[in-house]
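The listed protein sequences correspond, in order, to chains Y and R.
Going letter by letter, the first sequence gives residues 29 to 304 in our numbering.
Going letter by letter, the second sequence gives residues 29 to 304 in our numbering.
Here's the structure we're looking at; comments come further down.
Protein chains: 2
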Amino acid sequence: METKSENRSYGGTQGVYTHASEATGCDMTFGLYLPEEARTTPVPILWYLSGLTCTHENAMTKAGAQAWCAEQGIAICFPDTSPRGDDVADDEAYDLGKGAGFYVNATQDPWAKHFKMWDYITNDLPKIVGEHFAVDLDRQSITGHSMGGHGALTIAMHHPERFRSVSAFAPIAHPTQSDWGKKQLGAYLGDDTSTWAPHDSTLLMRDKGFDGPVLIDQGDSDNFLELLKPEALAEAMAAKRQEGQFRMQKGYDHSYFFISTFMEDHVNFHAEALYA
Amino acid sequence: METKSENRSYGGTQGVYTHASEATGCDMTFGLYLPEEARTTPVPILWYLSGLTCTHENAMTKAGAQAWCAEQGIAICFPDTSPRGDDVADDEAYDLGKGAGFYVNATQDPWAKHFKMWDYITNDLPKIVGEHFAVDLDRQSITGHSMGGHGALTIAMHHPERFRSVSAFAPIAHPTQSDWGKKQLGAYLGDDTSTWAPHDSTLLMRDKGFDGPVLIDQGDSDNFLELLKPEALAEAMAAKRQEGQFRMQKGYDHSYFFISTFMEDHVNFHAEALYA
């Protein structure tokens, strides 16, 4: 693992690190914020999965999470959204290939070689973070935005024993029924839609739900509402009697201005579960 | 209007009053809490509509609202849930007739004579409260529990100009599709279901929504979830992009212990709208 940078931030350290990943077969870069407490004792960790086109850097610099993670004594990790490198397949569209891993393990060419973001986020990354930093992997929570909200919700529902709470900002909530989903799941997983279902938050919520609290924020002025399909997830949450909150935030769009506005609520929400 | 009782409460006054109602054609009793501020200046008012079997008294004594209304400087009014008196029609069932007015204007015998709770709550009661007490009817909000949540939501969506915010505890959310609704709407309004639709929160939410914030709390251990149908309202709120929150509260049931736990949140939610 190589340290790319470390900056003091709110009494703790914002670092950027690169490591070779078995899952993706390439070097991967992530941001990790450690609060001051991590100097003396392992701290709980919150994973933040980013949306389409993002690298590890966007949320790290624009989501305003460090202030609240410092206050709560929680680490926050910002992974990349896809494999990277000259030999990694890509597509001209912004929503397929690099920056658009969709948090699945691709089985179809040309993606199958490197696009194993599910394994990267659930295996490789927690392993390397746990080995190198003072984080307590018995206390994990997960959040994300848009495609990353999709990733956070699907990963959490498949790993209820690992995550104490899950939240999402404007998640892609029903990808098997959306143009943000059908295209990518088809490309990465193939035409057999039975392989898509485990990657659809609404279907997972209807089927199994999550064994802990859930917080969803969605702006009502989001340009992508028709693609995100929040109503499907809201219905599924209530029908499943899922502990949690679904909030429609008036006037907010899909941007980091929306995310940063409600970041304090999300960090505090996770802190309550992580320190319970 | 006759004063039945007045008690000092959190620096203000909890009163109970009886008056003749034109709408219901009988004497009606209501509780009204006025915070200390009302001695010198008109205060905003929150209406609390109660559920099946309740009188004006249940929420007044068990919902724990006065503490928070005192803190926020808001009046709260607790109306009765039906007409009362020996000549008022009734039914042996707990969920029809007295204590079960359902906040509609009955058109069918034997109910049509007195069961005009819609007119009572929207006309008679605000008129008499506005005439006799230091409340500012330019600043009104409304809430309620179960059948009263149904009343609060339907009345608010029909009077967006009057109410700045609406909330509900475990509302009967989709009465046209529930045994808590079909029986009563049929009895009071007749077999023509087109007359039922204006009294269904889910249908109103799909159609028009509410021009202000909405807060819904629902317990996941509520015995009546199959009758309340919260998932229908949750889906309608998200599909309408309704500003607001739908919260599923783990372990809470349908009782006043549930209501009182979240009353502070609801009063603060309304205070934000009333003092905006």
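Backbone N, C-alpha and C fix where the C-beta goes; we use that ideal spot for every residue, glycine too.
CB contact below 8 angstroms: residue i versus chain Y
| i | result |
| --- | --- |
| R234(R) | no |
| A262(R) | yes |
Through-space distance from residue j to residue i, alpha-carbon basis
| i | j | result |
| --- | --- | --- |
| F285(R) | D250(Y) | 37 angstroms |
| A50(Y) | F290(Y) | The sequence given here places Glu at residue 50(Y); Ala does not occur at that position. The alpha-carbon atoms of E50(Y) and F290(Y) are separated by roughly 35 angstroms. |
| P111(Y) | N151(Y) | 15 angstroms |
| T230(Y) | H47(R) | 51 angstroms |
| H227(R) | G129(R) | 12 angstroms |
| G240(R) | R36(Y) | 42 angstroms |
| K32(Y) | V44(Y) | 5 angstroms |
| E85(Y) | F297(Y) | 23 angstroms |
| Q100(Y) | V295(Y) | 8 angstroms |
| L74(R) | G40(R) | 15 angstroms |
| A91(Y) | I104(Y) | 11 angstroms |
| D123(Y) | Q212(Y) | 8 angstroms |
| A266(Y) | F191(R) | 26 angstroms |
| T204(R) | G218(R) | 13 angstroms |
| V242(R) | A140(R) | 32 angstroms |
| L256(Y) | G176(Y) | 12 angstroms |
| M56(Y) | S169(Y) | 21 angstroms |
| S195(R) | R275(R) | 11 angstroms |
| D307(R) | G209(R) | The structure shown does not extend to residue 307(R), since chain R is modelled only from 29 through 304, so no value can be given for it. |
| A225(Y) | T109(Y) | 21 angstroms |
| T182(R) | G237(R) | 10 angstroms |
| E159(R) | A301(Y) | 49 angstroms |
| A87(R) | A262(Y) | 29 angstroms |
| T26(Y) | H178(Y) | Outside the modelled stretch of chain Y, which goes from 29 to 304, sits residue 26(Y), for which no answer is possible. |
| P138(Y) | W146(Y) | 17 angstroms |
| Q246(Y) | R167(R) | 28 angstroms |
| H282(Y) | A95(Y) | 21 angstroms |
| L29(R) | D164(R) | The amino acid occupying residue 29(R) in the given sequence is Met; Leu does not appear at that position. Distance between the alpha carbons of M29(R) and D164(R): 19 angstroms. |
| L77(Y) | L77(R) | 43 angstroms |
| S193(R) | K144(R) | 24 angstroms |
| A93(R) | H187(R) | 24 angstroms |
| R234(R) | A260(R) | 10 angstroms |
| T223(R) | S174(R) | 21 angstroms |
Residues that residue i contacts on chain Y, provided the C-beta gap is smaller than 7 angstroms
| i | result |
| --- | --- |
| Q205(R) | Residues of chain Y passing the Cβ test: none, with the nearest at roughly 14 angstroms. |
Closer than 8 angstroms to chain R by CB, residue i
| i | result |
| --- | --- |
| F286(Y) | no |
Within chain R, partners of residue i - CB distance below 7 angstroms
| i | result |
| --- | --- |
| A267(Y) | E259 |
Chain Y contact residues for residue i, given Cβ-Cβ distances below 8 angstroms
| i | result |
| --- | --- |
| E189(R) | None at all; the shortest Cβ gap to chain Y is about 18 angstroms. |
Where residue i meets chain R, residues with beta-carbon distance less than 8 angstroms
| i | result |
| --- | --- |
| M276(Y) | M265, A266, R269, Q270, E271, G272 and Q273 |
Min CB distance residue i to chain B below 8 angstroms
| i | result |
| --- | --- |
| E30(Y) | Checking the listed chains, one finds no chain B in this structure; the protein chains it contains are Y and R. |
Distance cut-off 7 angstroms: residue i Cβ against heavy atoms of the ligand PLP
| i | result |
| --- | --- |
| M265(Y) | With respect to the ligand PLP, the structure shown offers nothing to examine, as it has no ligands at all. |
Contacting positions in the stretch 240-257 of chain Y - beta carbon closer than 8 angstroms to chain R: P241, Q246, D248 and L253
Contact residues within the stretch 216-229 of chain Y, judged by C-beta distance below 8 angstroms to chain R: none
Completely contained alpha helix (DSSP H) runs for the stretch 90-152 of chain Y, where each covers 4 or more residues: 94-100
Whole alpha helix (DSSP H) elements within the stretch 229-275 of chain Y, 4-residue minimum: 229-235, 253-256 and 258-267
Any beta strand (DSSP E) of 3 or more consecutive residues that is wholly inside the stretch 175-206 of chain Y: 191-197
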